[in-house]
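Enquirer:
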Amino acid sequence: MRLTKRLNAIVNYVTPGKIVADIGTGHLQLPLYLVKTKRSPRVIATEYNLGPYQIACFTVALFNEKEKIELRQGNGLLVLMPGEAEIVVMAGMGGNTICQLLSRAPNVLSRVKRLILQPTTRAGDLRCWLTQNNWRLVDELLVKEKGHFYPVMAAEPGIEVIQDKLLLAIGPRLVEKNDPLLPAYLEKQIQIYRRILNELAGSQNPVYFEKRRALETIISKLNQLLAHCYGKLDRIE
16 MRLTKRLNAI VNYVTPGKIV ADIGTGHLQL PLYLVKTKRS PRVIATEYNL
66 GPYQIACFTV ALFNEKEKIE LRQGNGLLVL MPGEAEIVVM AGMGGNTICQ
116 LLSRAPNVLS RVKRLILQPT TRAGDLRCWL TQNNWRLVDE LLVKEKGHFY
166 PVMAAEPGIE VIQDKLLLAI GPRLVEKNDP LLPAYLEKQI QIYRRILNEL
216 AGSQNPVYFE KRRALETIIS KLNQLLAHCY GKLDRIE
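Residue numbers for the sequence shown follow the working numbering, so the first one is 16 and each next one is one higher.
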């Protein structure tokens with residue numbers, strides 16, 4: 016069974032031998048791979064909508080894995096009992112959606128040992144939520160698929176104070192270990208902010224003037240990070 020780069024990254028963050036809950040399992044690729052390779056003895060796979068849930072039920076029966084993969088229909092972590100799963104995977108959702116789902120089930124979350132998260136948007140907001148709710152980023156990496164960059168992160172209970180919003184937006188562990196894809200990712204972010212800055216360049220509105228100054232600051236900091244990645248800057252201001 017071949018996995019996408021994103022799913023493969025998620026698998027590598029799964030501690031062998033632990034029970035996993037895959038929230039919003041989709042096509043069931045991750046649960047099937049985890050049990051087929053014996054990386055996890057049991058997976059609880061959830062789906063909110065009836066159609067995908069029924070397809071997942073059919074798939075589990077087709078692969079004869081009803082004993083190792085338990086399907087549940089419901090909203091996020093609310094279908095879990097506290098302590099049922101040590102690892103929770105939430106992938107392919109927006110960062111704000113992941114934050115909302117995590118916030119709705121504090122009793123379940125309090126017994127989880129590791130979160131494996133792959134937001135499609137708002138990764139910075141998700142990292143901010145984690146640090147504000149006593150979760151520590153233990154590792155993260157970037158994956159590139161079809162021209163898009165996706166962060167995959169592993170978090171565990173713990174206290175971590177990160178006040179730099181730009182660092183949270185980019186990824187503190189990505190910067191620390193100089194992720195191989197980080198330079199290309201930073202270059203893309205700089206292009207995006209420069210395009211926005213150019214669109215505001217002709218306006219005389221004072222509000223836009225402040226926005227331009229803020230964008231110029233962000234671009235400057237991103238360029239510092241980029242120089243740091245290439246070894247041209249020893250310390251980031």
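All residues carry an ideal CB built from backbone N, CA and C; glycine is no exception. None of the values given here were measured: they were computed from a predicted structure.
1. Taking only three categories from DSSP, how would you classify Q178?
2. Indicate whether the contact test is met: 3 or more Cβ pairs, each with one atom in the segment 29-47 and one in the segment 101-120, closer than 8 angstroms.
3. Would you mind stating whether G186 and E155 have Cβ atoms separated by less than 8 angstroms?
4. Would you list the one or two residues that DSSP bridges to V35?
5. Please report how far the alpha carbon of E85 lies from the alpha carbon of V58, in whole angstroms.
6. With three or more beta-carbon pairs closer than 8 angstroms as the criterion, would you say the segment 130-140 touches the segment 87-97?
7. Whose C-beta lies closer than 7 angstroms to the C-beta of E80 among residues of the same chain, with five residues either side of it excluded?
8. With a Cβ-Cβ cutoff of 8 angstroms, do R151 and I174 count as a contact?
9. State the CB to CB distance for the pair E101 and K33, rounded to an integer number of angstroms; the pair is presumed to be in contact (CB under 8 angstroms).
10. Select from F78, L183 and R21 the residue whose C-alpha is nearest the C-alpha of L141.
11. Suppose contacts are defined by Cβ-Cβ distances below 8 angstroms. Is A76 in contact with G110 by that definition?
12. Which whole-angstrom value is the C-beta distance of L237 and R227, which I expect to be below 8 angstroms?
13. To the nearest whole angstrom, what separates the beta carbons of R21 and Y223, a pair I think is in contact under 8 angstroms?
14. Looking at the secondary structure, which residues open and close the alpha helix (DSSP H) in which E82 lies?
15. Can you tell me whether Q5 is buried or exposed, with buried defined as 16 or more other CB within 10 angstroms of its CB?
16. Helix, strand or coil for P172, going by three-state DSSP, please let me know.
17. Label A216 either buried or exposed according to how many other C-beta atoms from any shown protein chain fall within 10 Å of its C-beta, with 16 as the threshold for buried.
18. Could you tell me the alpha carbon to alpha carbon distance between I113 and T136, rounded to whole angstroms?
19. Nearest by alpha-carbon distance to T61: which of H42, F78 and S55 is it?
20. Give the single residue among V94, N193 and P221 whose Cα lies nearest to the Cα of N122.
21. Between Y28 and the rest of its own chain, which residues show a CB-CB distance below 6 angstroms, the 5 nearest in sequence each way excluded?
22. In angstroms, rounded to a whole number, what distance separates the CA positions of Q206 and I25?
23. In whole angstroms, give me the CA-to-CA distance for A242 and Q219.
Expert: Reading off the structure:
1. Three-state result, Q178: coil.
2. Taking 8 angstroms as the limit for Cβ pairs, the verdict is that the segment 101-120 does touch the segment 29-47.
3. With respect to the 8 angstroms criterion, G186 and E155 are classified as neighbours on the basis of their beta carbons.
4. Checking the DSSP bridge columns, you'll see V35 partnered with V58 and I102.
5. Straight-line Cα distance between these residues: approximately 6 angstroms.
6. Flag = no, the segment 130-140 and the segment 87-97 do not touch.
7. A distance below 7 angstroms between beta-carbons, with the five flanking residues on each side excluded, links E80 to the following residues of its chain, in chain order: L47 and V50.
8. The Cβ atoms of R151 and I174 sit closer than 8 angstroms to each other.
9. About 5 angstroms; that satisfies the 8 angstroms criterion.
10. With distances taken between Cα atoms, L141 lies closest to L183.
11. One thing to note: A76 has its Cβ no nearer than 8 angstroms to the Cβ of G110.
12. In this structure L237 is not in contact with R227, their Cβ atoms being roughly 15 angstroms apart against a cut-off of 8 angstroms.
13. Contact flag wrong, Cβ pair sits at about 37 angstroms.
14. E82 -> no alpha helix (DSSP H), and no H or E assigned at all.
15. Outside the displayed span of the chain (16 to 252) sits residue 5, for which this structure offers no information.
16. Residue state, collapsed to three classes: strand.
17. A216 is classed as exposed because its beta carbon has fewer than 16 other beta carbons within 10 Å across all chains shown.
18. Between I113 and T136, the C-alpha separation is close to 10 angstroms.
19. Looking at the Cα atoms, H42 is the closest of the given residues.
20. If we check each option's Cα against that of N122, V94 comes out closest.
21. The residues are I131 and A169.
22. When rounded, the distance between both Cα atoms is 29 angstroms.
23. Each residue's Cα considered, the two are about 32 angstroms apart.
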